[in-house]
Amino acid sequence: MIREATGEDLPDLVALERALFGGDAWSEALLASALASPHEHAWVTDDVAAYVVTMVTGDLADLLRIGVAPAARRRGLARRLLVTATDHARASGAGRMLLEVGAGNLAALDLYATAGFQRIDVRRRYYADGSDALVLSLDL
Numbered sequence: 001m002i003r004e005a006t007g008e009d010l011p012d013l014v015a016l017e018r019a020l021f022g023g024d025a026w027s028e029a030l031l032a033s034a035l036a037s038p039h040e041h042a043w044v045t046d047d048v049a050a051y052v053v054t055m056v057t058g059d060l061a062d063l064l065r066i067g068v069a070p071a072a073r074r075r076g077l078a079r080r081l082l083v084t085a086t087d088h089a090r091a092s093g094a095g096r097m098l099l100e101v102g103a104g105n106l107a108a109l110d111l112y113a114t115a116g117f118q119r120i121d122v123r124r125r126y127y128a129d130g131s132d133a134l135v136l137s138l139d140l
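Structure representation (structure tokens):
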């Protein structure tokens, strides 16, 4: 089951964020800000094994974060969260969604490709480890 994230989910989100993204993890303050923002929206699975965070401003949506705990992968959670995020963005009036993804993150690239995202740019040395990010776009 997917539901909107609440402040009660913050400790679990912080732990998952750190486990998944290491040096590129969002801080507790940044996650708390996302949960409180009227423009940012977060959803989690009931057990907080997976989450997604988006921001919608006007006709543009940004997929800010999506992550699934290693033990919960290969169950379609990321795909369901992505559908939740794109449906919400569309319902909020966004006509396009953007995201950045690590150029070497093949599982994520496959997920986004099957959802219809297209590569529009590269951000060189975007991540803390010096790796590139691909900028992807989806017409909603």
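Residue numbers (full-length UniProt numbering): 1 to 140.
Don't be surprised by glycine CBs; every beta carbon is placed ideally from N, CA and C.
For clarity, every value in this text was computed on a predicted model and none was experimentally measured.
- Item | Assigned secondary structure, residue 23 (DSSP; H/G/I helix, E/B strand, else coil) | Walking along the sequence shown from the start, residue 23 turns up at place 23. Note: residue 23 maps to helix in three-state DSSP.
- Query: With 16 as the cutoff for other CB atoms within 10 Å, does residue 122 come out buried or exposed?
  - Reply: Position 122 of the sequence shown, counted from the start, is the residue given in the question as residue 122. With a threshold of 16 other beta carbon atoms within 10 Å, residue 122 falls short and is exposed.
- Task: Could you round the C-beta distance between residue 104 and residue 131 to whole angstroms and report it? I think they count as a contact, below 8 Å.
- Result: Looking up residue 104 in the sequence shown gives position 104. Looking up residue 131 in the sequence shown gives position 131. Rounded, the Cβ-Cβ distance is 6 Å, consistent with contact.
- Message: Looking at residue 46: is its Cβ nearer than 8 Å to the Cβ of residue 97?
- Response: What you label residue 46 is simply residue 46 of the sequence shown in a count that begins at 1. What you label residue 97 is simply residue 97 of the sequence shown in a count that begins at 1. The answer is no: Cβ separation not under 8 Å.
- Message: Rounded to whole angstroms, what is the Cα-Cα separation between residue 127 and residue 51?
- Response: Taking the first residue of the sequence shown as 1, we reach residue 127 at position 127. Taking the first residue of the sequence shown as 1, we reach residue 51 at position 51. The straight-line gap separating the alpha-carbon atoms of residue 127 and residue 51 is approximately 20 Å.
- Message: Per the DSSP calculation, residue 100 is bridged to which residue(s)?
- Response: Position 100 of the sequence shown, counting from 1, holds the residue named residue 100. Residue pairing by DSSP puts residue 100 in a beta bridge opposite 135.
- Task: Could you tell me how far apart the beta carbons of residue 101 and residue 133 are, in whole angstroms, since I believe they sit closer than 8 Å?
- Result: Reading the sequence shown from its first residue, position 101 is the one you call residue 101. Reading the sequence shown from its first residue, position 133 is the one you call residue 133. Rounded, the Cβ-Cβ distance is 6 Å, consistent with contact.
- Task: Go ahead and pull the three-state DSSP assignment for residue 58.
- Result: Residue mapping note: residue 58 aligns to position 58 of the sequence shown, counting from 1. Coil at residue 58, not helix or strand.
- Message: Spatial neighbours of residue 116 within its chain, please: C-beta separation below 6 Å, excluding the five flanking residues on both sides.
- Response: Position 116 of the sequence shown, counted from the first residue, corresponds to residue 116. Apart from the 5 residues on each side of it in sequence, residue 116 sits with its Cβ closer than 6 Å to the Cβ of 138 in its chain, given in chain order.
- Query: To the nearest angstrom, how far is it from the Cα of residue 151 to the Cα of residue 25?
  - Reply: Any question about residue 151 goes unanswered here, given that the chain covers just 1 to 140.
- Bridge partners of residue 42, per DSSP? Position 42 of the sequence shown, counted from the first residue, corresponds to residue 42. DSSP links residue 42 through a beta bridge to 53.
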